[in-house]
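Novice:
Residue numbers (my numbering), protein chains in the order written: chain A, 1 to 411; chain B, 1 to 411.
#1: I want to verify the contact list: residues of chain B whose CB lies under 7 Å from the CB of residue 215 of chain A, in sequence order.
#2: Please report the distance separating the alpha-carbon of residue 64 of chain B from that of residue 39 of chain B.
#3: Nearest chain A C-beta to residue 149 of chain B closer than 8 Å, yes or no?
#4: If we define contact as Cβ-Cβ less than 8 Å, is residue 382 of chain B a contact residue for chain A?
#5: Where in the segment 186-228 of chain A do unbroken runs of the alpha helix (DSSP H), each at least 4 residues long, occur, reported from the N-terminal end onward?
#6: Does residue 410 of chain A come within less than 8 Å of chain B when only Cβ atoms are used?
#7: Between the C-alpha atoms of residue 138 of chain B and residue 54 of chain B, what's the straight-line distance to the nearest angstrom?
#8: Verify whether the separation of the beta carbon atoms of residue 181 of chain A and residue 114 of chain A is less than 8 Å.
#9: Mind pulling the beta strand (DSSP E) runs of 3 or more residues that sit fully within the segment 49-102 of chain A?
#10: Does the segment 374-386 of chain B come within contact of the segment 383-403 of chain A, defined as at least 3 CB pairs closer than 8 Å?
#11: Of all the residues that make up the segment 382-407 of chain A, which are near chain B by a beta-carbon distance shorter than 8 Å?
#12: Among B:300, B:187, B:228, which one has its Cα closest to the Cα of residue 263 of chain B?
#13: Ends of the beta strand (DSSP E) at residue 348 of chain B?
#14: Count the other C-beta atoms from every protein chain shown that fall within 10 angstroms of the C-beta of residue 311 of chain B, then say buried if there are 16 or more, exposed otherwise.
#15: Indicate whether at least one CB of chain A lies closer than 8 Å to the CB of residue 225 of chain B.
#16: Please say whether residue 121 of chain A and residue 66 of chain A have beta carbons closer to each other than 8 Å?
#17: Could you please give me the residues that DSSP links to residue 154 of chain A through a beta bridge?
#18: Going along chain A, which residues have a C-beta under 7 Å from residue 336 of chain B?
#19: Whose Cβ in chain B lies nearer than 7 Å to the Cβ of residue 352 of chain A?
#20: Counting only C-beta atoms, is residue 152 of chain B closer than 8 Å to chain A at any point?
#21: If the cut is a Cβ gap below 9 Å, which residues of chain B does residue 169 of chain A touch?
#22: Could you tell me which residues DSSP puts in a beta bridge with residue 275 of chain A?
#23: Measuring CB atoms only, is the segment 8-19 of chain B touching the segment 358-370 of chain A, in the sense that at least three cross pairs come out at less than 8 Å?
#24: Which value, in whole angstroms, describes the spacing of the CA atoms of residue 30 of chain A and residue 326 of chain A?
#25: Answer yes or no: does any C-beta atom of chain B fall closer than 8 Å to that of residue 270 of chain A?
#26: I believe residue 171 of chain B touches residue 216 of chain B by the beta-carbon criterion, under 8 Å. Please report the beta-carbon distance rounded to the nearest angstrom.
#27: Give the DSSP-derived three-state secondary structure of residue 9 of chain B in the structure shown.
#28: For residue 397 of chain B, report the span of its alpha helix (DSSP H) as first-last.
#29: Taking residue 339 of chain B as the reference, which of B:317, B:348, B:322, B:302 has the closest Cα?
#30: Thinking just about the alpha-carbon of each residue, which of A:97, A:33, A:35 is nearest to the one in residue 12 of chain A?
#31: Can a CB atom of chain A be found closer than 8 Å to the CB of residue 164 of chain B?
#32: Beta-carbon within less than 6 Å of residue 212 of chain A's beta-carbon, same chain only, minus the 5 sequence neighbours each way: which residues are those?
#33: For a quick check, are the C-beta atoms of residue 82 of chain A and residue 93 of chain A less than 8 Å apart?
#34: Take residue 319 of chain A as the anchor and find which of A:309, A:290, A:304 has the nearest alpha-carbon.
#35: Whose C-beta lies closer than 7 Å to the C-beta of residue 136 of chain B among residues of the same chain, with five residues either side of it excluded?
#36: Report yes or no: is there a C-beta of chain B within less than 8 Å of the C-beta of residue 177 of chain A?
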């Protein structure tokens with residue numbers, strides 16, 4: 001597909017009240033892995049280099065909340081705009097920023113194409129954005145669609161079935177959508193109050209007021225709108241799944257440590273992408289920083305020192321110094337390799353208390369620390385122990401359970 | 001609402017291939033907490049006393065799988081029927097069992113009202129079943145509906161928007177549905193091959209062939225159909241949520257143990273329903289059995305013996321002897337109360353290995369054992385330790401992580 005040749009910006013309506021969710025917090029502000037849903041949608045736009053400005057429209061009482069989210073997660077190119085009392089009025093307010101150039105923050109250039117996307121659809125990829133933008137350039141309007149999951153029926157006034165629609169002939173209209181700016185803006189300007197107050201579908205406005213038949217683009221299943229509590233559960237699981245695709249194993253140069261690092265690498269690589277680096281953490285290693293910028297959120301530090309919180313503290317400092325906002329909790333597994341052949345090896349409770357205290361401190365920085373003990377009694381049992389350590393590692397990075405921080409698991 | 005005065009049976013079509021899920025296993029056979037989705041739908045019907053027979057229609061290659069599921073989970077009143085190549089043909093096969101009385105297994109009485117429900121909608125409650133059955137008795141047909149989440153649009157032949165439907169005027173047709181048996185059976189008998197092969201909506205057949213306008217009944221959000229992978233994630237989370245609503249604390253009569261049991265009870269009761277029982281496990285306690293039959297799947301056994309696997313073995317034996325099929329994994333947390341004031345208290349690795357081995361054995365019986373150490377150094381710190389133990393307990397029962405079995409957590 002050709003690169004985008006138009007100036008493109010995006011409007012994200014985020015003013016909904018989330019009634020269907022059944023909670024006090026509007027769904028766009030519900031936390032997934034601690035971060036509000038709206039931040040995921042913003043991030044999805046932000047990482048697309050050819051989207052110039054991102055307008056987030058929120059209800060007046062949430063403007064400060066939204067600004068603090070942008071600050072906390074370091075979002076760029078975002079302007080917060082006050083919403084109206086309905087979805088269409090909010091989107092219209094978002095579009096006005098370009099048309100009237102009234103933003104006090106900075107000069108926003110009117111885009112040729114504007115993307116409209118929901119704040120509660122966190123998993124939108126560049127590919128579908130490119131498709132709707134390209135189609136909008138050609139057709140004036142475009143939107144993502146999905147097959148219907150349920151049959152759609154019309155109810156009579158008596159609450160009985162009037163007729164059902166043939167499922168194959170209809171589609172669900174999803175987001176993202178894209179429009180030539182002049183078309184959608186003109187549609188909103190001509191729009192009746194009834195449409196502004198009771199309508200929800202932008203494609204309908206483009207058709208009704210500008211005679212523009214939007215191009216329909218088949219989207220992927222993960223474009224769905226987070227609507228109910230179960231959708232938050234699903235989104236959280238998808239995020240955890242995505243976060244547990246990659247792990248970085250850090251070892252020092254000692255032979256036993258490097259060997260266990262190698263065995264763990266072998267055992268893990270069928271399940272996740274593994275980056276292995278051998279460093280002394282005291283050096284400020286740029287390779288490690290690169291891995292971190294590459295959105296790896298899982299680290300396994302193998303050490304033969306007992307409860308090497310000093311070593312891991314250096315890693316924590318390095319993450320902090322990198323100045324990259326932590327979009328997700330980082331999992332740091334502190335692997336203690338015990339080479340003692342003593343079968344009556346034991347773990348002191350005082351030491352355990354020390355790890356727990358350290359973990360509680362570091363959690364404030366959104367870093368989850370767990371301990372993992374590998375006892376290397378003999379070569380015969382080592383492979384089995386390493387496999388068990390790999391299984392525990394996968395369980396820890398998949399669950400990212402904040403309650404279990406500071407615990408010492410035994411492989 | 002009046003009790004049901006009609007003979008009612010149910011047909012569950014479970015013959016789908018689950019293409020939209022993207023996995024090799026059809027979704028109705030995907031495991032949630034280890035148990036196939038279809039078993040949840042069967043269980044939902046089975047626990048409603050006024051449903052006589054439950055017909056599960058599966059494709060020929062899955063008949064044995066389905067029979068073994070019924071055997072394993074002790075489902076009652078279920079007949080497995082061979083499906084057709086489409087959804088409608090499968091449902092028709094299910095209905096024929098009553099009409100032709102051809103089942104070789106036993107005599108199935110033709111019901112006055114038949115419920116049709118999807119195998120992939122696990123969370124159907126008695127309340128909505130009663131509503132659709134009652135409405136079907138009055139109207140001949142009835143079905144659950146939900147508001148539309150997305151706008152429905154019609155596409156033209158050029159792949160562009162033709163028109164969009166006014167969302168408020170339409171509904172999504174969901175399950176369960178119910179019919180006077182004679183109406184839906186007559187509809188299927190008169191049905192064209194085209195309808196049998198390309199249709200999906202039973203309400204449509206009742207309308208088209210029997211002029212019966214089904215009564216539409218507003219259902220709850222959890223009636224949704226498990227369709228995509230994200231729906232499996234959501235269903236799994238809902239099940240885990242439901243399973244972590246209740247916990248049973250078991251203590252013996254020793255004062256220190258009973259006191260910690262009391263403090264844990266106090267700390268947990270704001271989050272879950274807590275049953276506390278004080279027993280010597282050597283007695284076969286019927287109270288405990290009652291709690292278990294009441295579908296409590298979480299137990300906390302507090303003990304001052306070190307790694308009292310013998311004590312917990314008795315509980316395991318009792319669960320086994322009760323002969324109740326385990327529909328979900330049971331979580332057993334073995335709390336070791338250490339009253340030692342010795343700050344240099346330590347945990348022997350040999351002991352840890354013993355718990356892990358025990359946990360691996362018991363896991364084969366679908367019981368997940370975790371260790372939890374509470375050190376009772378002084379009264380000042382005890383409350384804090386108990387709160388930490390309560391938080392760890394909640395984390396363990398909410399996650400039900402099979403990889404972490406046999407680990408000893410420290411409160």
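Cβ atoms here follow ideal geometry from the backbone N, Cα and C, with glycine treated the same way.
Specialist: To lay it out plainly:
#1: 159, 160
#2: The straight-line gap from Cα to Cα measures roughly 14 Å.
#3: Judged by the 8 Å Cβ criterion, residue 149 of chain B is in contact with chain A.
#4: no
#5: 193-198, 202-210
#6: yes
#7: 22 Å
#8: Yes, the Cβ-Cβ distance between residue 181 of chain A and residue 114 of chain A is below 8 Å.
#9: Within the segment 49-102 of chain A, the complete beta strand (DSSP E) runs of at least 3 residues are 51-58, 78-82.
#10: no
#11: 391, 392, 394, 395, 399, 401, 403, 404, 407
#12: B:300
#13: 346-348
#14: With 16 or more Cβ atoms within 10 Å of its Cβ, residue 311 of chain B is classed as buried.
#15: yes
#16: Pairing residue 66 of chain A with residue 121 of chain A gives a Cβ-Cβ distance that is not under 8 Å.
#17: A:163, B:170
#18: Those within 7 Å of residue 336 of chain B in chain A number zero; the least Cβ separation is about 12 Å.
#19: 410
#20: Taking Cβ atoms only, chain A reaches closer than 8 Å to residue 152 of chain B, which makes this a yes.
#21: 154, 155
#22: Listed as beta-bridge partners of residue 275 of chain A by DSSP are A:248.
#23: no
#24: 17 Å
#25: no
#26: 7 Å
#27: strand
#28: 379-399
#29: B:302
#30: For residue 12 of chain A, the nearest C-alpha among the options comes from A:97.
#31: yes
#32: 140, 141, 183, 206
#33: yes
#34: A:290
#35: 113, 142, 178, 179, 180
#36: no
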